[in-house]
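All letters in the sequence shown, in the order written, are residues 917 to 1344 by the working numbering.
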Amino acid sequence: MEKKPFLTLEQAQQILQDVPTPFHVYDEKGIRENLRSINKAFSWNKGFKEYFAVKALPNPCILQILKEEGCGVDCSSLTELMLSEACGFEGEEIMFSSNQTPVEDMRKAAELKAYINLADATMVEFLDRVAGIPEKIFCRYNPGGTFQLGESEEGFQVMDKPGDAKYGMTEEQMIDSYKKLMAKGAKDFGIHAFLASNTISDAYYPELAGILFELAVRVQKATGAHIGYINLSGGVGIPYRPGQTENDIFAIGEGVRRKFEEILVPAGMGDVAIFTEMGRYVTGPYGALVATAIHEKHIYKEYIGLDACAANLMRPAMYGAYHHITVLGKEDAPCDHVYDVVGGLCENNDKFAIDRSLPKIDIGDIVYIHDTGAHGSAMGYNYNGKLRSAEVLLCEDGSHRLIRRAENPRDYFATLDFLPCMKDLVEG
Ligand SMILES: *Cc1c(COP(=O)(O)O)cnc(C)c1O
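Dropping the structure here:
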């Protein structure tokens, strides 16, 4: 698909009057429309609910928008739970994906009456000890081995290695855990699995659903437990690269429905609610990092230096991830220059793009880095004393709103305020 910014140069310049670069900007309209499609695609399932993975974009204004569109939240830490609570999520609107979970976090999830998803069989005893066993509970499945889908049309193959992943439990452990949980009073059970990340294939969810539905039938037979929920988790991807085809959420929903009719309905399990925990697919394409070109450099290669760096968007440095770049106002200019687009960290992997064909970039140009709406700002960090950037919402009516201010040095020094010499910096 063609990569087009949701922001024009004029809109960017308007935001710049209030908020200097770098900042992440989010498209409210895009997010809402996307959610309506997701909910429609799964409307055949009575209990369907998307639990947005808070880690992808932990901003309360965004969570509020998602709540208005009928979403719940998927949390995995104390602070994500606190944030969700502050946004008015409670009880069955919260999924708590435990994973080497501290006591405090588990107790908070129990206090909020969230659905708790146990990532390991040893967590049954742990949960019983620290918070007690609730009536409704999930266990996370790991089939081991390699998960593979056939080659997609573009040749992007979906493959991941659950056998190397730290999450989930074996089928035997699932059955054993369900029995223990039933003995401790649990009555309604969920199954969860996350087998592949950022999949560009309409076949991923249906394939996963097939595996989990069959597992549900076996587990039900082996334990007599009532399986009320199957959680397909995250992993639905977005086309970061221009050549990739978008996932079709309606084809995905229909594919899951077919497996449901084929496997669960004949087993008398047609009352199962389908849950999802998409993060990337929900907000990824509806966010961008906006930065200014502040330097150029000509040595063995051509460099453009931005006022943003990997501390504002870690994915390229961490995973070698591709993020498309548009120079605002030069959307139609020929891409006849080749640049490394870099940030100012003292780290040679601080490169947003390597050998990228772009229009000629001039100092002061506004650079739009696509698809930072999920796992973008959220993965920000403070290495090199770099400060986290602001977040701006482009509202449905075209106006904008600052939804997180940029960090300032005082924020950075705040945790050092026990040092007398830092007092002035922190309070100053
Ligand atoms: C990260 C995560 C998600 C969301 O993953 P995406 O790649 O953003 O779809 C969902 N569920 C759990 C448990 C996660 O850890």
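The beta-carbon is built from N, C-alpha and C at its ideal position, and this holds for glycine as well. Keep in mind it's a predicted model, so treat the numbers as computed, not measured.
Less than 6 Å between the CB of residue 1080 and some heavy atom of ligand 1, yes or no?
Remark: the shortest separation between the CB of residue 1080 and any heavy atom of ligand 1 does not fall under 6 Å.
I'd like the span of the beta strand (DSSP E) that includes residue 1272, first residue to last.
For residue 1272, the uninterrupted beta strand (DSSP E) run begins and ends at 1267 to 1274, by DSSP.
Can you check which of these residues, 942, 964, 941, is closest to residue 952 by C-alpha distance?
Nearest C-alpha to residue 952: 964.
Three or more C-beta pairs closer than 8 Å, one from the stretch 1179 to 1192 and one from the stretch 1263 to 1281: is that the case here?
Not touching, per the Cβ criterion.
Residue closest to residue 968, alpha-carbon to alpha-carbon, out of 990, 981, 978, 949
Considering only 990, 981, 978, 949, the residue with the shortest C-alpha distance to residue 968 is 990.
Note down, in chain order, each residue of its chain lying with its Cβ closer than 6 Å to the Cβ of residue 1304, except the 5 sequence neighbours on either side.
Scanning its chain for C-beta atoms nearer than 6 Å, with the 5 sequence neighbours on each side dropped, one finds around residue 1304 the residues 1296, 1323, in chain order.
Just to confirm my understanding: we take residue 1119, look at its own chain, exclude 5 residues before and 5 after, and list those with CB closer than 6 Å. What are they?
So the list reads 1065, once near-sequence residues are dropped.
With DSSP run on the structure shown, which of helix, strand or coil describes residue 1044?
Residue 1044: helix per DSSP, three-state reduction.
What residue range is occupied by the uninterrupted alpha helix (DSSP H) comprising residue 1188?
Residue 1188 -> no alpha helix (DSSP H), and no H or E assigned at all.
Three or more C-beta pairs closer than 8 Å, one from the stretch 1019 to 1026 and one from the stretch 974 to 994: is that the case here?
By the C-beta criterion, the stretch 1019 to 1026 is judged to be in contact with the stretch 974 to 994, since at least 3 inter-stretch pairs fall below 8 Å.
Within a Cβ cutoff of 6 Å, which residues of the same chain sit near residue 1226, ignoring the five residues on either side of it in sequence?
If we look at residue 1226 and ignore the five residues flanking it on each side, its Cβ neighbours are 1233, 1259, 1261, 1266.
Sub-7 Å separation of residue 1317 and residue 1311 beta-carbons
Yes; because the gap between Cβ atoms is below 7 Å, this pair is in contact.
Distance check for residue 1048 and residue 1179, CA to CA, integer angstroms please.
If I take the Cα positions, the gap works out to 33 Å.
Cβ of residue 1195 versus every heavy atom of ligand 1: is any distance shorter than 6 Å?
Residue 1195: yes, Cβ under 6 Å from ligand 1.
Compute the beta-carbon to beta-carbon distance between residue 1083 and residue 1056, rounded to the nearest angstrom, for a pair I have assumed lies under 8 Å.
At roughly 6 Å, the Cβ-Cβ gap stays under 8 Å, so residue 1083 and residue 1056 are in contact.
Please find out if some non-hydrogen atom of ligand 1 comes closer than 6 Å to the beta-carbon of residue 1037.
Result no, Cβ not under 6 Å from ligand 1.
When the Cα atoms are used, what is the spatial distance from residue 1209 to residue 1256?
So the alpha carbons of these two residues sit roughly 12 Å apart.
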